[in-house]
Amino acid sequence: MACGIRSISRKEGVLLIYIEKAHIMNEEDMKRVLRRIAIEIIERNRGLEDVVLLGIQRRGVYLAGRLKELLKDIEGVKVPTGELDITLYRDDIPTLLEQPVVHSTSIPVDIAGKKLILVDDVLYTGRTIRAALDALMDLGRPDNVQLVILVDRGHRELPIQADYVGKVIPTSRNEMVEVFMRELDGKDQVVITEESEVQVD
Amino acid sequence: MNWRHKCLLDLDDWTREELSLFLEQANYMEELLNRPIKKVPALRGKMIVNFFFEPSTRTRVSFELAEKMLSADVVNWSASGSSVSKGETLRDTAWTLESMGADAVVMRHGAVGAADYLARKLRKASVFNAGDGTHGHPTQALLDLHSAWKKLGSLEGAKMVIVGDVLHSRVARSDIKAFSKMGVKIVLSGPATLMPRDITCLGAEYEPDPKVAVKDSHMVYLLRIQQERQRQGLIPSLDEYHVRYGATEDLLKFARPDALVMHPGPINRRVEIASEIADGNQSIILDQVRSGVAVRMALLYLCVGGGK
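Protein sequence lines correspond, in order, to chains P and G. Here the first sequence stands for residues 24 to 224, where the numbers follow the working numbering. Here the second sequence stands for residues 267 to 574, where the numbers follow the working numbering.
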């Protein structure tokens with residue numbers, strides 16, 4: 024698994040260099056982690072009664088889909104699975120350079136009284152989850168909300184934590200954690216990258 | 267994504283890719299209409315002024331609903347009983363609105379180019395044209411596009427017939443632009459007295475006989491006939507108009523059996539459309555109204571949402 028420079032681009036007298044610093048998970052690792060999380064979900068909820076999976080757009084949706092398959096394999100139960108888009112609830116829209124596009128929100132069941140399991144790829148500042156909780160409260164009143172995260176990279180800005188964590192990876196703020204998923208990116212992989220700028224004349 | 271439009275004055279400078287992306291965004295906004303709580307915080311703290319110089323029900327209400335569903339603060343300002351009726355110019359009104367901190371102004375005005383003028387006078391606020399004279403009504407075109415696209419899927423190669431008073435219709439002008447960008451072939455029909463002289467400049471064909479025009483069409487779009495057109499001598503009588511140009515079962519026999527029947531509203535039953543057609547299963551008039559809220563939400567979100 025080679026790390027190193029992935030790309031170099033030039034922008035207004037500055038070279039932007041993307042460096043892949045470490046490969047954190049490959050396809051097999053991801054499979055094992057998700058299987059473990061699936062078992063933890065069954066254990067914690069004593070089965071799957073009233074459990075609903077809800078993936079956060081976009082990679083959380085695919086992770087939720089995989090958990091659904093695993094839960095079906097292990098327990099033989101088809102867990103209702105939906106997708107949640109939090110764009111309209113974000114608190115950082117006025118500060119972004121590009122307007123984030125909205126994706127679909129669809130939940131196949133009434134969430135009132137359900138054990139709702141949110142699924143996302145990376146837990147960082149916690150602001151996405153804050154937005155997701157606000158969105159959820161507008162959609163109904165679940166009995167409780169739990170959180171599945173593939174990678175927890177630290178640096179929380181809000182008091183939010185995950186109930187099921189794939190892997191904890193200490194990072195610095197100028198690093199990025201990139202999650203690739205087969206359905207969207209053609210491969211399953213988690214990579215830490217860093218962008219550095221070099222002045223050129 | 268980099269959404270480059272701050273205002274919507276007309277659809278001339280929107281690309282097909284932008285229209286496609288926009289329709290998809292409007293679809294996601296439409297989901298909100300099904301929720302128990304139809305409100306999201308995306309435009310919290312933004313102030314939007316609805317400024318209507320001409321009467322309007324559905325456009326104004328639908329803008330207002332869209333604004334409220336996105337949590338914007340809404341101020342309705344009508345020309346009558348305001349400083350405008352005391353003789354204030356549009357330019358001074360514009361600066362007044364901006365000094366009050368408006369982030370966006372939605373305006374309907376009887377003069378062609380009024381929204382464009384307002385947009386050039388305002389330094390920061392977005393301007394949305396809710397109809398300017400006989401020139402354009404771009405949000406109507408977007409909602410027409412959205413409701414037809416939802417029913418037909420791809421619009422490429424589809425045929426649309428617009429029947430009625432094209433001469434006085436800003437809806438027709440904006441629809442021709444929007445639908446032809448998406449690859450729709452457009453045929454206009456109606457009495458020659460209600461057709462503009464520059465008909466071919468609009469990028470559409472003209473066929474005087476609606477029965478011929480609607481052949482193989484996927485969409486039949488009826489324009490509203492105003493009663494005063496009869497007094498102006500442009501049509502002999504409303505009854506005669508109905509028989510010759512109205513959407514009746516007799517006319518629709520010549521279109522595709524699944525052709526969509528569309529109308530910008532408010533409808534004149536037994537003039538441009540027969541009651542059984544307006545309420546029939548080919549009519550998507552109420553879907554159009556629903557799309558109206560969704561496309562206006564998408565528009566406000568994309569153009570006013572970002573800070574930048």
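In this text, a Cβ means the ideal position worked out from N, Cα and C, and glycines have one as well.
Less than 8 Å between the beta carbons of G/Leu-421 and G/Leu-460, yes or no?
No, these two residues do not count as a Cβ contact at 8 Å.
What does P/Asp-166 reach in chain G if we use C-beta pairs closer than 7 Å?
Neighbours of P/Asp-166 on chain G: none; closest Cβ ~17 Å, over 7 Å.
Hey, P/Val-191 and P/Leu-173: beta-carbon distance below 8 Å or not?
When the beta-carbon positions are compared, P/Val-191 and P/Leu-173 stay at least 8 Å from each other.
With 8 Å as the threshold, decide whether the Cβ of P/Ile-116 is near any Cβ in chain G.
yes
CB-CB under 7 Å to G/Leu-277, same chain, minus the five flanking residues each way: which ones, in chain order?
Pro-404, Ala-407, Ser-440, Lys-443 and Ala-444
Along the beta strand (DSSP E) that carries G/Ser-223, what are the first and last residues, could you check?
The question about residue 223 of chain G has no answer, for chain G in this structure spans 267 to 574.
Give the secondary structure of G/Val-327 by DSSP, where H, G and I count as helix, E and B as strand, and everything else as coil.
helix
Using CA atoms only, rank isn't needed, just tell me which of G/Gln-492, G/Arg-522 and G/Ser-446 is closest to G/His-508.
G/Gln-492
Secondary structure of P/Glu-121, DSSP reduced to three states
Residue state, collapsed to three classes: coil.
Using a Cβ cut-off of 7 Å, pull out every chain G residue sitting near P/Ser-32, in sequence order please.
In chain order: nothing, as chain G lies at least about 17 Å away.
Could you tell me whether any Cβ in chain G is nearer than 8 Å to the Cβ of P/Val-142?
Chain G contact via Cβ: absent.
Alpha carbon to alpha carbon, how far is G/Glu-542 from G/Pro-523? Give it in angstroms, no decimals.
In a straight line, the C-alpha of G/Pro-523 is about 15 Å away from that of G/Glu-542.
DSSP three-state call for G/Ser-541: helix, strand or coil?
helix
Under 9 Å between beta-carbons, which chain G residues line up against P/Thr-128? List them in chain order, please.
Tyr-294, Glu-297, Leu-298 and Arg-301
Once DSSP output is grouped into helix, strand and coil, what is the label at G/His-375?
If DSSP states are grouped into helix, strand and coil, G/His-375 belongs with the strands.
Using C-beta distances below 7 Å, list every residue in its chain close to G/Ser-483, excluding the 5 sequence neighbours before and after it, in chain order.
For G/Ser-483, where only same-chain residues beyond five positions count, the Cβ hits under 7 Å are Lys-425, Met-426, Val-427, Ala-521, Arg-522 and Ala-525.
P/Val-174 versus chain G: which residues are under 9 Å apart at the beta carbon?
Simply none; closest approach about 25 Å.
Taking P/Leu-71 as the query, report the chain G residues whose CB atoms sit under 9 Å from its CB, ordered along the chain.
Ordered by position in chain G, no residue passes the 9 Å Cβ test against P/Leu-71, which lies about 26 Å from the chain.
Straight-line Cα distance separating G/Val-555 from P/Gly-83
Cα to Cα, the separation comes out at about 34 Å.
Can you tell me the Cα-Cα spacing of P/Phe-203 and P/Asp-143, whole angstroms?
13 Å
Where in the region 486-512 of chain G do unbroken runs of the alpha helix (DSSP H), each at least 4 residues long, occur, reported from the N-terminal end onward?
494-497 and 504-511
Specify, as a first and last residue, the run of the alpha helix (DSSP H) that G/Ala-380 falls within.
380-387
So, for G/Pro-462: in the same chain, excluding its five sequence neighbours on each side, which residues have a beta-carbon less than 8 Å away from its beta-carbon?
Val-432, Leu-433 and Leu-468
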